[in-house]
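For what it's worth, this note's numbering labels the leading residue of the sequence shown as 89, then goes sequentially. Note that the Cβ used here is the ideal one computed from N, Cα and C, for glycine as well.
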Amino acid sequence: MLLFVLGQLYLIDNPAPIAGAPWNFTATSGTGTGHHVIRSVLAEPIGIWRTDPKEGTAELVDAATDLLVRGFDSPSLRVLAGTSPREPQAVVGPILTSTLGELGVDDLLRVSADRAGLVARLRRFLDGRLTLRELSFWAHCEIDHDGDPDCQAFVDLDDLYNDWEYAGLDVVRLEAIARREARAFLDGSRPASFDEFWPWLPAAPRRDFFAWWRTVFRRRRAD
89 MLLFVLGQLY LIDNPAPIAG APWNFTATSG TGTGHHVIRS VLAEPIGIWR
139 TDPKEGTAEL VDAATDLLVR GFDSPSLRVL AGTSPREPQA VVGPILTSTL
189 GELGVDDLLR VSADRAGLVA RLRRFLDGRL TLRELSFWAH CEIDHDGDPD
239 CQAFVDLDDL YNDWEYAGLD VVRLEAIARR EARAFLDGSR PASFDEFWPW
289 LPAAPRRDFF AWWRTVFRRR RAD
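Right, dumping it as structure tokens:
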């Protein structure tokens, strides 16, 4: 909210030019620190917005205002900073596309929405802003098994979490494994995988493997 108010004040002091008047702004260098800052500010809100417009629009507006306060400027960036957080995705989309083009970071929209949304939430998970349960549940519901193939490990993680919890396994250990896989996914060193950690496989850390099997057997008999 504070950033939104600052954005409105900035636009009052620096209004967009009238129709037909020239607009002079300088795009940042593609190899300088400017693009790095722009990406660091916009990437996460864009990922959230593409997969959850209701939440993400407010974050985009805040991010645009943040860039203005940092000294970045472009016609569409000002429009984005002045956009109502309640605007629908169909309205915000063209403004965002123009903004990214003017700032020279239009490649931020080239990855799939599934991957962009997952990357944003993985960063939040690693920063402690999202729990493992929230991350895995979102991936399962929003990406689903028919979504981006590169994201499927985190879709499966929801079922894996359920199995570990039901089996009485150490979900704190699973969270540590998930953090390791999230870092690997983000840095591109290798595809994420949880294949070896399903409860029935020996590699899965467990409190009492045989007690888990007894629980499963009793449940199946009850069913």
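Counting C-beta neighbours from all protein chains within 10 Å, is the total for P133 16 or more, i.e. buried, or is it exposed? For the purposes of this step, residue 133 is identified with residue 45 of the sequence shown, where counting begins at 1. Counting Cβ neighbours within 10 Å, P133 comes out buried, since at least 16 surround it.
Are the beta-carbon atoms belonging to D246 and P287 less than 7 Å from one another? By one-based count along the sequence shown, residue 246 stands at place 158. By one-based count along the sequence shown, residue 287 stands at place 199. Cβ atoms of D246 and P287: not closer than 7 Å.
Do R267 and A204 have their C-beta atoms closer together than 7 Å? Within the sequence shown, the letter at position 179 stands for residue 267. Within the sequence shown, the letter at position 116 stands for residue 204. No. Outside cutoff.
Using CA atoms only, rank isn't needed, just tell me which of D258, G192, A255 and T171 is closest to V125. Mapped onto the sequence shown, residue 125 falls at position 37. Selection D258, G192, A255 and T171 evaluated against V125 yields G192 as nearest (Cα-Cα).
Coil, strand or helix - R212 by DSSP: Position 124 of the sequence shown, counted from the first residue, corresponds to residue 212. Of the three classes helix, strand and coil, the one that applies to R212 here is helix, per DSSP.
Three-state class that DSSP yields for D161 in the structure shown: Start at 1 with the first residue of the sequence shown, and residue 161 comes out as number 73. Judged by DSSP in its simplified three-state form, D161 adopts coil rather than helix or strand.
Which first and last residues belong to the alpha helix (DSSP H) in which S186 is found? By 1-based counting over the sequence shown, the position of residue 186 is 98. Counting along the chain, the alpha helix (DSSP H) containing S186 begins and ends at Q177 to L191.
Continuous alpha helix (DSSP H) stretch holding D247: start and end: Sequence index remark: in the sequence shown, residue 247 carries index 159 (1-based). Looking at the DSSP string, the run of the alpha helix (DSSP H) that includes D247 is Q240 to A255.
Touching or not, the segment 173-192 and the segment 142-156, by the rule of three or more beta carbon pairs under 8 Å? Contact holds: three or more Cβ-Cβ distances are below 8 Å.
So, I231 versus D195, is the Cβ gap smaller than 7 Å? Against the sequence shown, residue 231 aligns to sequence position 143. Against the sequence shown, residue 195 aligns to sequence position 107. Annotated as distal: I231 and D195, with beta-carbon spacing of 7 Å or more.
State buried or exposed for E222, treating a residue as buried only when at least 16 other CB atoms are found within 10 Å of its CB. Residue numbering aside, residue 222 sits at position 134 when the sequence shown is read from its first letter. Classified as exposed, E222 has fewer than 16 neighbouring CB atoms from the shown chains inside 10 Å of its CB.
Buried versus exposed call for A264 [16 or more other C-beta atoms within 10 Å across all chains shown]: In the sequence shown, the residue the question calls residue 264 occupies position 176. Classification for A264: exposed.
Per DSSP, what kind of secondary structure is T219 in: helix, strand or coil? If you number the sequence shown from 1, residue 219 lands on position 131. Here T219 sits in coil by DSSP.
Can you give me the C-alpha to C-alpha distance between G108 and V167, rounded to a whole angstrom? Position 20 of the sequence shown, counted from the first residue, corresponds to residue 108. Position 79 of the sequence shown, counted from the first residue, corresponds to residue 167. Low local confidence applies: a pLDDT of 35 at G108 is under 50, so the model's placement there is unreliable, and no value is given.
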